[in-house]
Amino acid sequence: AGLNAAANGQTILVTPGTYAGDIAPLAGDHETLAATGTVELDLGSGYGINLDNNAAVTNFTFKGFSVKASPTTSYAFKAYKADGLTFSNDMFDGGSGNSGGGVDLNTTSHVALNNVSSSNCHKNGFAITSSYTNADPASSDITFNGITASNNGWTGISFYTVGADNSTKQTPTIGGSNN
């Protein structure tokens with residue numbers, strides 16, 4: 453409720469606790485969603501945190517969360533056509549019996565993942581798709597710094613250059629370090 457009621461540019465502080473359910477922010481120039489202590493998001497089915505509601509999301513920051521997927525979560529965090537995403541000090545855990553993955557970025561630009569981990573996922577810990585359809589621009593300017601991917605079924609980090617419609621775009625621009 454707080455996320456949907458917030459004005460553009462606001463920071464929403466989430467108090468310590470365990471919260472059930474999925475998150476689907478509204479489109480537009482968004483805010484920062486920040487944990488103020490130990491915050492665990494216990495996700496439902498489908499995409500847990502979903503920035504894919506048929507409208508572009510820009511300038512969204514997600515920091516300090518521990519995200520646990522349910523057995524029916526497709527991906528814990530999905531972004532499609534998002535621009536200006538920042539992840540900071542987040543943990544994504546596939547949990548027991550999960551059939552999905554950690555972080556799924558499709559046709560995204562200007563993304564920074566700083567001190568983020570994705571583990572115990574049936575699929576990929578981190579999946580980056582250059583473009584989902586031929587009409588989409590290619591993903592660009594994605595930076596990984598201090599990430600960890602462990603105990604994931606398919607791969608820790610995957611880069612897909614062929615989209616769902618079998619279109620091929622240029623390879624996404626990736627940079628960063630793991631210091």
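Quick note: the sequence shown, position 123, residue 575 per this note's numbering, numbers continuous. Where a beta carbon is used, it is the ideal one built from N, C-alpha and C, also for glycine.
Legend entry - Distance between Gly605 and Lys511 (C-alpha atoms, nearest Å): Against the sequence shown, residue 511 aligns to sequence position 59. Against the sequence shown, residue 605 aligns to sequence position 153. According to the sequence shown, residue 511 is Asn rather than Lys. Near 31 Å, if we compare the C-alpha coordinates of Gly605 and Asn511.
Legend entry - Beta-carbon spacing of Asn558, Pro523 below 8 Å: One-based indexing of the sequence shown puts residue 558 at position 106. One-based indexing of the sequence shown puts residue 523 at position 71. Cβ distance not < 8 Å, so Asn558 and Pro523 don't count as in contact.
Legend entry - Bridge partners - Leu495, DSSP secondary structure assignment: Translated into the one-based positions of the sequence shown, residue 495 becomes position 43. For Leu495, which the question treats as bridged, DSSP gives no partner whatsoever.
Legend entry - Through-space distance from Ala521 to Phe632, alpha-carbon basis: With the chain covering 453 to 631 only, the question about residue 632 has no answer from this structure.
Legend entry - Limits of the beta strand (DSSP E) - the one that Gly469 falls within: The residue given as residue 469 occupies position 17 in the sequence shown. It spans Gly469 to Ala472 - the beta strand (DSSP E) in which Gly469 sits, taken as one unbroken run.
Legend entry - Alpha-carbon to alpha-carbon, Ser602 and Thr560: As a first step, residue 560 must be located in the sequence shown, where it is residue number 108. As a first step, residue 602 must be located in the sequence shown, where it is residue number 150. Whole-angstrom Cα-Cα distance: 23 Å.
Inset, instruction - Determine the direct distance from the alpha carbon of Phe544 to that of Thr581, and round the result to whole angstroms. - result: Within the sequence shown, numbered from 1, the residue matching residue 581 stands at position 129. Within the sequence shown, numbered from 1, the residue matching residue 544 stands at position 92. So the alpha carbons of these two residues sit roughly 19 Å apart.
Inset, instruction - Would you kindly report the start and end of the unbroken beta strand (DSSP E) that includes Asp535? - result: For the purposes of this step, residue 535 is identified with residue 83 of the sequence shown, where counting begins at 1. Note, Asp535: beta strand (DSSP E), Asp535 to Ser540.
Legend entry - For His562, three-class secondary structure by DSSP: Here the question's residue 562 lines up with position 110 in the sequence shown. Strand at His562.
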